[in-house]
Each structure stands twice: as C-alpha cells, then as structure tokens.
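Visitor:
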Amino acid sequence: MEQEKRRGEIPLAGSALILSLRSFCSLRSFVLSALGGVLFFSGPHSAEPADLPAPLFVTSYPHGRLTLAGGGDRSLLFVLSKPSGSLFRINPQNGQESLRLKGIPHPEDLAVDTGGRRLLVSLDASRSLWVLPVSSGPPVSMTVGLNPGQIIRTPTGDLYLAARAVHIIYHLNPVTDRPDGWSAMGDIFPLIASDGKGDLWLPLSRGEQVADLSPRTLEIRKIFDIDSCREPSRVIPLSSGGFVVGCRHALLVEGPNGEETARLRLRGPLSRGVRDMALLPGGHRLLVSFQRCKTLNLYHLPDLSRISSFHLSYLPVRLYYFEKWPTLFIVMDDLENDRTRLSAYPLSAFGVPSLSPQIVQKSPPPSPTKLMPRAAPSPSSPRTRS
0 MEQEKRRGEI PLAGSALILS LRSFCSLRSF VLSALGGVLF FSGPHSAEPA
50 DLPAPLFVTS YPHGRLTLAG GGDRSLLFVL SKPSGSLFRI NPQNGQESLR
100 LKGIPHPEDL AVDTGGRRLL VSLDASRSLW VLPVSSGPPV SMTVGLNPGQ
150 IIRTPTGDLY LAARAVHIIY HLNPVTDRPD GWSAMGDIFP LIASDGKGDL
200 WLPLSRGEQV ADLSPRTLEI RKIFDIDSCR EPSRVIPLSS GGFVVGCRHA
250 LLVEGPNGEE TARLRLRGPL SRGVRDMALL PGGHRLLVSF QRCKTLNLYH
300 LPDLSRISSF HLSYLPVRLY YFEKWPTLFI VMDDLENDRT RLSAYPLSAF
350 GVPSLSPQIV QKSPPPSPTK LMPRAAPSPS SPRTRS
C-alpha cells in the first residue's frame with residue numbers, strides 16, 4: 000500500500016479539483032483533496048489506444064467458447080470449438096486447416112501431451128475425458144470428476160485436470176492418462192497457471208486468495224491473501240517468485256513472501272474486471288484484456304506502468320502464448336456477426352524481439368479431412384489418492 004501511495008500521490012496545495020478524461024476503455028481520474036492536498040490518479044497516462052498491425056491470419060468459427068493447444072514442435076496448433084463440437088488442426092503461420100474432427104459432445108478444453116502424440120479433450124456436463132491419438136485411432140474415454148474443465152500441461156510435462164463442479168484438481172498419469180492423485184480446493188478457481196518448477200497457481204475467487212500447489216502431490220505450499228482484490232480471475236507466477244493477479248477492480252503484484260509491490264486500480268469501463276492476461280517473453284511485459292472492452296493494455300512489470308494500449312475491432316476474450324513460439328494468438332468475440340474469431344500476431348507487434356526464424360512447414364498440409372469419432376466404452380472410475 001505504501002508503495003502505491005508513493006507512486007500515485009503527488010503533494011499539491013490548493014482547493015479541491017476534479018478532472019476526468021476518458022479514452023475508449025481507459026479512464027484517468029485526478030482528484031485533488033483540499034484537506035490533504037494530495038493528487039490521486041489511476042490508469043494509464045499515454046495516448047489513445049493504437050491499432051495493431053495486420054494479423055498473420057484470422058479464422059472464424061461459430062460464436063462461443065474457443066480454446067487452443069500447441070504442440071511441442073511449434074507446428075501443431077489445435078483449435079477446439081464448443082458450439083460446433085469440432086476440433087481443428089491448423090497451420091500456425093497462415094491458419095490453413097489440415098484436419099477436422101466433428102461430433103465431439105460439449106467439448107470444454109484440450110491439451111497436447113509433451114511428445115505431441117495425444118490430445119486430451121474434456122467434455123462439459125459429463126464425467127468424461129477423451130484421449131485422442133494425433134495420428135489416427137478412435138478416442139478413449141476416461142471417467143473423471145463431474146464437469147471436467149481446464150486441462151493444464153506444465154513445463155515439466157505433467158498434466159492436470161480441473162473438475163469445476165466439485166472444485167477438485169486431478170493429476171493425470173503420464174502413461175495411462177487416468178487420474179492418480181487429487182486435491183479438493185473448496186473454492187472457485189477460474190483459470191490455473193503453472194510456473195517453471197511445475198507448481199500450480201490458482202486464484203480463489205470467494206476467499207480473495209491465491210494458492211500455490213506443489214506438483215504431482217498437489218499439496219498446498221502456501222495461501223496468499225490479496226487484500227481488496229475482489230473476484231480474482233487470473234494469476235501468473237513470476238520468475239522472481241512472486242505473482243501478478245487480475246481482479247474485478249485491480250491488478251496486483253506481490254513478492255515471494257506475499258508483500259504487495261504494485262497495485263493498479265481499474266476504474267470506469269475497466270472496473271468490470273480483468274478477462275485474461277499473458278506474460279510475454281522476457282518476463283517484463285504483461286498483456287491484459289478486460290471484460291466487455293475492445294482494448295488490450297500492455298503493462299511493464301513489476302511496477303504496472305502502462306507501456307501502450309491497442310484498440311481491437313472485436314472483444315478479446317482469451318490470450319494464448321506458447322513458450323518459445325514467435326506468435327501471440329487472440330480469441331475475440333464478434334457479437335454483431337455472431338462469430339468467434341482467432342487472430343495471430345507476431346510478438347514484435349507488442350515490442351518483443353523476434354525469438355527465432357519463422358516456423359517452416361516440413362511438408363505441405365494434407366487436404367482438410369472430416370473424421371467422425373467412434374464411441375469408446377468408458378472404463379470404471381479410477382482410484383484416486385490425496
């Protein structure tokens with residue numbers, strides 16, 4: 000709190016003055032207190048949002064949930080469309096479709112295993128997790144917790160599954176893909192993140208907390224209280240040992256011991272809260288999207304000073320950056336046309352130097368293929384341990 004005061008308060012003499020400036024989805028408010036003689040400000044200070052350069056490609060899908068998964072060799076990009084019940088493999092350079100799998104019932108999320116050999120797809124409103132060979136073969140159905148949701152692959156190669164209805168996290172056996180360990184959180188956690196050690200980081204919405212879980216055993220290492228940070232929706236661990244968390248009314252950075260190092264209050268249109276965040280290569284640039292706001296803000300870490308702001312034609316709902324890839328993928332809702340669009344941008348559009356030469360497709364992609372998955376018998380419910 001004290002650091003926020005030093006960063007955001009400027010002593011001035013005089014009577015009360017209020018000045019408000021609005022620009023797209025950013026709000027700058029200045030209030031001069033007659034008693035304390037202090038100038039409070041929140042929000043960015045730079046110019047109006049700029050337009051992003053032309054994307055590498057844009058693809059369009061039926062309006063609704065769209066999730067992505069990237070393979071290890073940077074030539075595998077999979078797109079899962081919940082409204083259409085379809086899974087697509089596309090070229091990450093130009094968006095060209097090379098594979099289509101239809102007839103998936105209520106798909107929720109997906110992940111690719113470390114070797115890029117198998118796809119895992121969770122099915123909403125069920126107790127099922129599908130395992131799909133990338134090359135060929137029918138899906139295998141696994142019985143898991145009620146309403147399986149997010150599937151997480153950590154840098155260490157471990158896979159985890161969140162069962163949203165019961166607030167449970169499962170560790171998936173790397174050989175059988177069956178749950179072999181679990182932990183009950185007792186709170187809502189919208190999105191799970193992982194750090195370089197494989198620890199899991201969860202924003203706990205009701206308790207206004209962030210939880211750090213050890214890998215595989217899923218034991219709680221530490222619970223961080225985040226004061227005045229309602230409805231945390233997204234947390235990203237930092238290499239310094241701390242984390243940045245996005246909430247309804249604030250962005251917050253905390254150190255490894257839970258000490259607050261920076262806070263940015265979200266006012267006006269931004270006060271609807273953080274929608275998603277992506278930490279770009281280098282660890283000092285944080286890209287943030289907001290609820291019902293056609294703007295992306297780029298912040299510097301750890302002080303949360305704004306670097307730039309970008310205006311988009313549609314509402315950005317998810318930001319995907321896969322480690323060591325040269326591209327950022329943005330999922331956007333086009334409400335006027337009832338479509339959901341996927342756009343790809345080079346990292347250089349956000350001030351990040353090129354990581355490597357562009358991905359080279361080893362062979363021309365095959366013609367789009369439509370496959371109908373064959374139902375597989377569900378095995379008995381696996382045993383789990385705490």
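If you use numbering that gives the first Met the number 0, the sequence shown corresponds to residues 0 to 385, in order. Backbone N, C-alpha and C fix where the C-beta goes; we use that ideal spot for every residue, glycine too.
#1: Any idea what DSSP makes of A110, helix, strand or coil?
#2: Label L265 either buried or exposed according to how many other C-beta atoms from any shown protein chain fall within 10 Å of its C-beta, with 16 as the threshold for buried.
#3: Can you grab the Cα-Cα spacing for the pair R126 / L118, in whole Å?
#4: Cα separation between C228 and S193?
#5: Would you list the residues sitting across from S193 in a DSSP beta bridge?
#6: Closer than 8 Å by C-beta to I191: which residues in its own chain qualify, once you throw out the five before and the five after it? Chain order, please.
#7: With distances taken Cα to Cα, identify the nearest neighbour of A53 among D332, S312, D337 and Y319.
#8: Name the one or two DSSP bridge partners that G180 has.
#9: Checking 9 Å against the spacing of the C-beta atoms, do V139 and V133 come in under that value?
#10: Assuming T153 and G197 make a contact with CB atoms under 8 Å, what is their CB distance in whole Å?
#11: Any idea if E107 is buried or exposed, counting beta-carbon neighbours within 10 angstroms, 16 or more meaning buried?
#12: Hey, out of D50, P236, S239 and S80, whose CA is closest to R59's CA?
#13: What residue range does the beta strand (DSSP E) around I89 cover?
#14: If you compare alpha carbons, which of R247, C246 and A261 is closest to E253?
#15: Between the Cα of L314 and those of D275, G84, P255 and E258, spot the shortest distance and give me the residue it belongs to.
#16: Distance, Cα to Cα, T175 vs G350?
#17: With DSSP run on the structure shown, which of helix, strand or coil describes G69?
#18: What's the call for D391, buried or exposed, on a 16-neighbour Cβ count within 10 Å?
#19: So for P52, helix, strand or coil by DSSP?
#20: For a minimum of 3 consecutive residues, which ranges assigned as the beta strand (DSSP E) are wholly contained in the region 208-289?
#21: Is P48 buried or exposed, if buried means 16 or more other CB atoms sit within 10 Å of its CB?
#22: Can you tell me which of the three DSSP states S347 falls into?
#23: Expressed to the nearest angstrom, what Euclidean distance is found between the alpha-carbon atoms of E258 and P301?
#24: Go through its chain and collect everything with a Cβ distance to P189's Cβ below 6 Å, but skip five positions before and after it.
#25: Would DSSP call A161 helix, strand or coil?
#26: Leaving out the 5 sequence neighbours to the left and right, which residues in its chain are closer than 7 Å to I358 when beta-carbon positions are compared?
#27: Is it right to say D226 is buried, meaning 16 or more other beta carbons lie within 10 angstroms of its own, or is it exposed?
#28: Can you find the residues in the same chain that come closer than 6 Å, C-beta to C-beta, to W324, ignoring five residues on each side of it along the sequence?
#29: Could you tell me which of L263, R99, N146 and G70 sits nearest to H248, measuring between CA atoms?
#30: What's the C-alpha gap between L100 and F87?
#31: For N296, does the three-state DSSP call read helix, strand or coil?
#32: What does the alpha-carbon distance come out to for the pair A33 and P345?
#33: What are the partner residues of L131, as DSSP defines its beta bridges?
#34: In chain order, what residues of the same chain lie with their CB nearer than 6 Å to the CB of G94, ignoring the 5 residues before and after it?
Guide: To lay it out plainly:
#1: If you number the sequence shown from 1, residue 110 lands on position 111. Strand.
#2: Position 266 of the sequence shown, counted from the start, is the residue given in the question as residue 265. Counting Cβ neighbours within 10 Å, L265 comes out buried, since at least 16 surround it.
#3: Here residue 126 refers to the residue found at position 127 of the sequence shown. Here residue 118 refers to the residue found at position 119 of the sequence shown. If you take the alpha carbons of R126 and L118, they lie about 17 Å apart.
#4: Translated into the one-based positions of the sequence shown, residue 228 becomes position 229. Translated into the one-based positions of the sequence shown, residue 193 becomes position 194. Their backbone Cα atoms lie some 21 Å apart in a straight line.
#5: Taking the sequence shown and counting its residues from 1, one reaches residue 193 at position 194. Answer is L199.
#6: The sequence position of residue 191 within the sequence shown is 192, counting from 1. Counting only Cβ-Cβ distances below 8 Å, and skipping sequence neighbours, we find Q149, I151, Y159, A161, I168, L199, W200 and L201.
#7: In the sequence shown, the residue the question calls residue 53 occupies position 54. Of D332, S312, D337 and Y319, the residue nearest in Cα terms is S312.
#8: Position 181 of the sequence shown, counted from the start, is the residue given in the question as residue 180. Per DSSP, H170.
#9: For the purposes of this step, residue 139 is taken as the residue at position 140 of the sequence shown. For the purposes of this step, residue 133 is taken as the residue at position 134 of the sequence shown. The answer is no: Cβ separation not under 9 Å.
#10: Taking the sequence shown and counting its residues from 1, the one referred to as residue 153 is at position 154. Taking the sequence shown and counting its residues from 1, the one referred to as residue 197 is at position 198. Contact flag correct, Cβ pair sits at about 5 Å.
#11: Translated into positions along the sequence shown, residue 107 becomes position 108. E107 should be labelled buried.
#12: Start at 1 with the first residue of the sequence shown, and residue 59 comes out as number 60. Inspection of the sequence shows that residue 59 is occupied by Ser rather than by Arg. Closest by alpha carbon: S80.
#13: Stepping through the sequence shown from its first residue, residue 89 is reached at position 90. I89 -> beta strand (DSSP E) spans S85 to I89.
#14: Residue mapping note: residue 253 aligns to position 254 of the sequence shown, counting from 1. Per the Cα distances, A261.
#15: Start at 1 with the first residue of the sequence shown, and residue 314 comes out as number 315. Of the candidates D275, G84, P255 and E258, the one whose C-alpha sits nearest the C-alpha of L314 is D275.
#16: Working through the sequence shown from its first residue, we reach residue 175 at position 176. Working through the sequence shown from its first residue, we reach residue 350 at position 351. Rounded to whole angstroms, T175 to G350 spans 42 Å at the Cα level.
#17: Your numbering for residue 69 matches position 70 in the sequence shown. It is a strand residue.
#18: Residue 391 lies beyond the range of the chain shown here (0 to 385); nothing can be said about it.
#19: Residue 52 sits at position 53 when you count from the first residue of the sequence shown. Note: P52 maps to coil in three-state DSSP.
#20: 208-212, 219-224, 233-236, 242-245, 249-253, 259-264, 273-278 and 284-289
#21: Translated into positions along the sequence shown, residue 48 becomes position 49. So P48 ends up on the buried side.
#22: In the sequence shown, counting from the first residue as 1, residue 347 sits at position 348. DSSP places S347 in helix when its eight states are reduced to three.
#23: Taking the first residue of the sequence shown as 1, we reach residue 258 at position 259. Taking the first residue of the sequence shown as 1, we reach residue 301 at position 302. If I take the Cα positions, the gap works out to 13 Å.
#24: Here residue 189 is taken as the residue at index 190 of the sequence shown, counted from 1. Cβ neighbours of P189 beyond the five flanking positions: S232.
#25: Along the sequence shown, read from residue 1 onward, the residue named residue 161 stands at position 162. A161 falls in the strand class under three-state DSSP.
#26: As a working mapping, residue 358 is identified with position 359 in the sequence shown. Reliability fails at I358, whose pLDDT of 44 lies under 50, so the model's placement of it is uncertain and the value that follows must be treated cautiously. R73, S74, P91 and Q92, listed in sequence order.
#27: To locate residue 226, count along the sequence shown from 1; it is residue 227. Exposed is the call here.
#28: Along the sequence shown, one-based indexing puts residue 324 at 325. If we look at W324 and ignore the five residues flanking it on each side, its Cβ neighbours are R73.
#29: On the sequence shown, position 249 is the one that residue 248 refers to. When each option's Cα is compared against that of H248, the closest is L263.
#30: Here residue 100 refers to the residue found at position 101 of the sequence shown. Here residue 87 refers to the residue found at position 88 of the sequence shown. Answer to the nearest angstrom: the Cα atoms are 6 Å apart.
#31: By one-based count along the sequence shown, residue 296 stands at place 297. In this structure, N296 counts as strand in the three-state DSSP scheme.
#32: What you label residue 33 is simply residue 34 of the sequence shown in a count that begins at 1. What you label residue 345 is simply residue 346 of the sequence shown in a count that begins at 1. Bear in mind that the predicted position of A33 carries a pLDDT of just 31, short of 50, making it too unreliable to give a figure here.
#33: To locate residue 131, count along the sequence shown from 1; it is residue 132. BP columns for L131 point to L118.
#34: Numbered from its first residue, the sequence shown carries residue 94 at position 95. F56 and T58.
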